[in-house]
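In terms of numbering that gives the first Met the number 0, the sequence shown has 146 at position 147, counting the first letter as 1, and numbering is strictly consecutive.
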Amino acid sequence: MSTAEATTNAGPILRTRGVGRRFGGVHAVRDVTIDVAYGERRAILGPNGAGKTTMFNLIAGDFPPTSGSVELFGQDVTALPSRARSRVGLARTYQKSRLFLGLTVEDNLYLAVVGRDGGRFRPFRSPARDEKIRERAHAMAAEVWLEHALHMQVGSLSHGEQRQLEVGMALISRPQLVMLDEPASGLSRGERGQLTSLLQGLDPAVTLILIEHDMDVALSVAQKVTMLHDGAVIVEGTPAEIRANETVHALYLGKGNYE
Ligand SMILES: Nc1ncnc2c1ncn2[C@@H]1O[C@H](COP(=O)(O)OP(=O)(O)OP(=O)(O)O)[C@@H](O)[C@H]1O
Ligand SMILES: [Mg+2]
């Protein structure tokens, strides 16, 4: 059974309570309380420096909050390191790409599986297991529309294809909760459209939290939007509510300078 199928629907998949993080004098995240339901598509919006990535790092366990708590899958994980959180079904991408540009699509996906399964503790991988991982890599390449590029070097792919691969690398561990940090950043209009369709078509059992600067991508993928400003939640609502919200317009839409 995949972790997504093992979902129990009691309570939210993610619950933060009064989460905050200071870096010296910088209060990057302040008193953030959010609930994300199983299967939900949530977007986190906000101007540069609003605290979006820091929030992801707190949820993923890259570092602990300086106040408040984080619950995942009904369990308080505030004190758990990131590796333990990924083991229980959380996967994420990073704002800055972590792909191996000199390797093929297949090998990147292969390494994502081996890394996640703790492959470094198994120096003698059996050919049968190896074959199984390759099959999984092929299936995932197809799922993120990269079947044609399986044996291509990642550095030779378009920027959009590289972003698709990052989504595949996160999904290959079959997580229950996937967090994508600006998957559409730097993409052309056409590539953004393609990525939006890909995200819309993801398995509805997988919960998705998306940081996105691009309002069109965010509002067409998400069912609910949380907007951060100066580290705090200032607006939360459906895409329609966000479009109609005056604060959002003043801070974001009106400026027309988000990427
Ligand atoms: N490791 C760190 N050490 C010190 N300050 C940090 C650290 N990480 C983030 N910050 C600061 O915290 C604030 C929020 O940063 P964060 O990267 O979370 O914003 P963001 O909303 O993701 O911005 P962007 O849209 O530019 O990616 C910024 O002022 C940033 O400089
Ligand atoms: Mg960021």
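Note that the Cβ used here is the ideal one computed from N, Cα and C, for glycine as well. A quick note: this is a predicted structure, and the numbers were derived from the prediction, not measured.
Checklist line | Residue environment, Asn244, which counts as buried when at least 16 other CB atoms sit within 10 Å | finding: With 16 or more other Cβ atoms within 10 Å, it is buried.
Notebook entry, point to check: Given that a residue counts as buried once 16 or more other Cβ atoms are within 10 Å of its Cβ, and exposed if not, what is Pro182?
Noted result: Around the beta carbon of Pro182, 16 or more other beta carbons lie within 10 angstroms, which makes this residue buried.
Item checked: Thr53, enclosing alpha helix (DSSP H) - first and last residue -> Under the DSSP assignment, Thr53 falls in the alpha helix (DSSP H) whose first and last residues are Lys51 to Ala59.
Check: How should Ala136 be labelled, buried or exposed, when 16 other C-beta atoms within 10 angstroms of its C-beta is the threshold for buried?
Finding: In this structure Ala136 is buried. Its beta-carbon is surrounded by 16 or more other beta-carbon atoms within 10 angstroms.
Next item on the list: Give, in chain order, every unbroken run of the alpha helix (DSSP H) that is at least 4 residues long and sits entirely within the stretch 87-120.
Entry: The stretch 87-120 contains these whole alpha helix (DSSP H) runs: 104-115.
Checklist line | Boundaries (first-last residue) of the alpha helix (DSSP H) holding Ile132 | finding: Its alpha helix (DSSP H) spans residues Pro126 to Glu142.
Margin query: As a quick check of your reading: which residues have a C-beta less than 6 Å from at least one non-hydrogen atom of ligand 1, in chain order?
Written below: In chain order, the qualifying residues are Phe22, Val25, Ala27, Gly45, Asn47, Gly48, Ala49, Gly50, Lys51, Thr52, Thr53 and Gln94.
Notebook entry, point to check: Are any of the Cβ atoms in chain D nearer than 7 Å to that of Asp213?
Noted result: You won't find chain D in this structure, because it holds only one protein chain.
Margin query: Once the 5 residues before and after Arg21 are set aside, which same chain residues still bring their CB inside 6 Å of it?
Written below: Taking Arg21 as the centre and dropping the five residues before and after it, the same chain places the C-beta of Thr65 closer than 6 Å to its C-beta, in chain order.
Margin query: Which complete alpha helix (DSSP H) runs does the stretch 225-255 hold, if anything under 4 residues is left out?
Written below: For the stretch 225-255, whole alpha helix (DSSP H) runs of length 4 or above, ordered along the chain, are 238-243.
Next item on the list: List the residues that DSSP assigns as beta-bridge partners of Thr15.
Entry: DSSP lists Ile33 and Val69 as partners of Thr15.
Item checked: C-alpha gap between Val40 and Thr53, whole angstroms -> Before going further, note that residue 40 is Arg rather than Val in the sequence given. Roughly 19 Å separates the two Cα atoms.
Margin query: Three Cβ pairs or more, each shorter than 8 Å: is that satisfied between the stretch 134-149 and the stretch 72-91?
Written below: No, the stretch 134-149 does not touch the stretch 72-91.
Item checked: Same chain only: Cβ atoms within 6 Å of Ala27, ignoring 5 sequence neighbours per side -> Excluding residues within five positions, the ones whose Cβ falls inside 6 Å are Arg20, Gly50, Thr53 and Gly230.
Notebook entry, point to check: Closest by CA to Ala111, which one among Ser81, Gln175 and Ala90?
Noted result: Closest by alpha carbon: Ala90.
Check: Just to confirm, are Leu164 and Val104 a CB contact at a threshold of 7 Å?
Finding: Yes.
Margin query: Between which two residues does the alpha helix (DSSP H) holding Leu198 run?
Written below: Per DSSP, Leu198 belongs to the alpha helix (DSSP H) from Arg188 to Gln199.
Notebook entry, point to check: For the candidate residues Gly159, Ala249 and Ala217, whose alpha-carbon lies nearest to that of Pro238?
Noted result: When only C-alpha atoms are compared, the closest one is Ala217.
Margin query: Under 8 Å: do the stretch 149-169 and the stretch 75-82 share three or more Cβ pairs, one atom per stretch?
Written below: Segments in contact, no.
Item checked: Distance between Leu44 and Leu194 (C-alpha atoms, nearest Å) -> C-alpha separation (whole angstroms): 17 Å.
Checklist line | Range covered by the alpha helix (DSSP H) that runs through Asp215 | finding: Run containing Asp215: Met214 to Val220, per the alpha helix (DSSP H) assignment.
Check: Buried or exposed: where does Gln222 fall if 16 or more other Cβ atoms within 10 Å of its Cβ makes it buried?
Finding: Its Cβ having fewer than 16 others within 10 Å, Gln222 is exposed.
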